[in-house]
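Trainee: This is the structure I want to talk about, given as structure tokens.
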Amino acid sequence: MKMINRRSFLAVCGVAAAAGVLTACGSSSSASSTAASTASSAASTASSAAGSDLSSLSGTVSTGGSTSMNSVVEALTEGFAEIAPNVTISYDPTGSGAGITGAVEQTLDIGLASRALHDDETGVTATTVALDGIAMVVNSENTVADLTVDQLAQIFTKQITNWADVGGEDGEIVVIGREAGSGTRDGFESIVGVEDECQYDQELTATGAVISAVASNPLAIGYASLSAVGDTVKTLTVGGVECSEETVLDGSYEVQRPFNFITNDSAELSEAAKAFIDFATSEDAAELIRVAGAVPLVDTEA
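Residues in the sequence shown are numbered from 173 upward in steps of one, following our numbering.
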């Protein structure tokens, strides 16, 4: 379990910018040397806008679940610390399924899920704090630049098994994805329409592991949260549409999902947890979400 603090968040922002995450998201932010100061400035702006009425609030808010939401949670925690310095936010990156279970069983104040709730996941409510594009990634040497949703479905169900069949060079496609219960996997499979039909050559337990596996195999294809994709892999367009902040927000990029806070309907949230959710869904937090590489629901650049 991680206790999020200011230093860890600023470090994450610096690494993210160095990896090209902000560029991949279609941001017009400057180079990596200014990323940390941008994040700090955004937190200060949020603090000023929200006021200091939460300065006396104290307590601990336990969150856990989606690993894809790591940067967003750290960003929101950094901003919230500016206005509620006596509240501690913990984060346990265990996967979306575990986050929802934690909310259902009340072992977490806030579960984190990078997917929508299923029909049988009752007694809890999902609050969307951001959107995320699920980027389709291949090895940098791959000559394929674009795939349709139908082609993705056929590749991940092994109906298409050779890159030559989709305009690439001859070679058997290696399909890499996340483990069962992953929000990224669930989001991808439900959007593409291949739930429980995918045939993976490798099932990995973290977004970073998927990216690394694709980066090391010229024949591989995988999916990853846009906020985590850097320059070690190549991002495909889907149906001719780039995966970017703009295309996720306007809905033209098809493979996208929500970043959700999950709360139990029958449990009374602490004042600290309520305040954190209010902050995360406010306009004040939008720039922090953007700096973290996700897509805020509020357009602060209009």
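Ideal placement from N, C-alpha and C gives every residue a C-beta, glycine not left out. Everything numeric in this text was worked out from a predicted model, so none of it was measured.
Under three-state DSSP, which class holds V346?
Mentor: As a first step, residue 346 is located in the sequence shown; it is residue number 174 there, counting from the start. Residue state, collapsed to three classes: strand.
Trainee: What is the C-beta distance between A457 and G251, in whole angstroms, given that I count them as a contact (C-beta under 8 Å)?
Mentor: Your numbering for residue 457 matches position 285 in the sequence shown. Your numbering for residue 251 matches position 79 in the sequence shown. Correct: roughly 6 Å between the Cβ atoms.
Trainee: Please report how far the alpha carbon of R462 lies from the alpha carbon of L303, in whole angstroms.
Mentor: Within the sequence shown, numbered from 1, the residue matching residue 462 stands at position 290. Within the sequence shown, numbered from 1, the residue matching residue 303 stands at position 131. The alpha-carbon atoms of R462 and L303 are separated by roughly 10 Å.
Trainee: Under the three-state reduction of DSSP, which class applies to E426: helix, strand or coil?
Mentor: As a position in the sequence shown, residue 426 is number 254, starting the count at 1. Coil, per DSSP.
Trainee: If you check the beta carbons only, do S424 and G355 fall under 8 Å apart?
Mentor: Translated into positions along the sequence shown, residue 424 becomes position 252. Translated into positions along the sequence shown, residue 355 becomes position 183. No. Outside cutoff.
Trainee: Buried or exposed, going by whether 16 or more other CB atoms sit within 10 Å of the CB of A466?
Mentor: What you label residue 466 is simply residue 294 of the sequence shown in a count that begins at 1. Counting Cβ neighbours within 10 Å, A466 comes out buried, since at least 16 surround it.
Trainee: Would you kindly work out how many angstroms separate the C-alpha atoms of P390 and Q371, rounded to a whole number?
Mentor: In the sequence shown, residue 390 corresponds to position 218, counting from 1. In the sequence shown, residue 371 corresponds to position 199, counting from 1. Spanning the two alpha carbons is a distance of roughly 19 Å.
Trainee: Report yes if the CB atom of E341 is closer than 8 Å to the CB atom of T320, and no otherwise.
Mentor: Counting from 1 along the sequence shown, the entry for residue 341 is found at position 169. Counting from 1 along the sequence shown, the entry for residue 320 is found at position 148. Result no, Cβ atoms of E341 and T320 do not sit closer than 8 Å.
Trainee: Please classify V316: does DSSP put it in a helix, a strand, or coil?
Mentor: Residue mapping note: residue 316 aligns to position 144 of the sequence shown, counting from 1. Looking at V316 - three-state DSSP - the assignment turns out to be coil, as it is neither helix nor strand.
Trainee: Hey, could you find the ends of the alpha helix (DSSP H) Q374 is sitting in?
Mentor: For the purposes of this step, residue 374 is identified with residue 202 of the sequence shown, where counting begins at 1. Counted as a single uninterrupted DSSP element, the stretch harbouring Q374 is not any alpha helix (DSSP H) but the beta strand (DSSP E) occupying residues Q374 to L376.
Trainee: Is it buried or exposed for D322, if we count other Cβ within 10 angstroms and need 16 for buried?
Mentor: Start at 1 with the first residue of the sequence shown, and residue 322 comes out as number 150. With fewer than 16 Cβ atoms within 10 Å of its Cβ, D322 is classed as exposed.
Trainee: Can a CB atom of chain D be found closer than 8 Å to the CB of L226?
Mentor: Chain labels in this structure do not include chain D; a single protein chain is all it has.
Trainee: Hey, which unbroken runs of the beta strand (DSSP E) at 3 residues or more fall wholly within the region 403-467?
Mentor: 428-436
Trainee: Whole angstroms are fine: how far does the CA of F448 sit from the CA of A222?
Mentor: Here the question's residue 222 lines up with position 50 in the sequence shown. Here the question's residue 448 lines up with position 276 in the sequence shown. Annotation note: pLDDT 48 at A222 (below 50); position unreliable, coordinate value reported separately. One C-alpha to the other measures close to 12 Å.
Trainee: Count the other CB atoms within 10 Å of the CB of D281; is the residue buried (16 or more) or exposed (fewer)?
Mentor: Mapped onto the sequence shown, residue 281 falls at position 109. Its Cβ being crowded by 16 or more others within 10 Å, D281 is buried.
Trainee: Starting from S234, follow the beta strand (DSSP E) in both directions and report where the run begins and ends.
Mentor: As a first step, residue 234 is located in the sequence shown; it is residue number 62 there, counting from the start. Note, S234: beta strand (DSSP E), G231 to G237.
Trainee: Starting from A307 and walking both ways along the beta strand (DSSP E), at which residues does that stretch end?
Mentor: The count along the sequence shown starts at 1 and reaches residue 307 at position 135. Segment V296 to V310, the beta strand (DSSP E) holding A307.
Trainee: Report the option in I261, A275 and T260 whose CA atom is closest to the CA atom of G267.
Mentor: In the sequence shown, residue 267 corresponds to position 95, counting from 1. G267 has its Cα closest to that of A275, out of I261, A275 and T260.
Trainee: According to DSSP, which residues form a beta bridge with V259?
Mentor: Position 87 of the sequence shown holds residue 259. Note: V259 sits in a beta bridge opposite G231.
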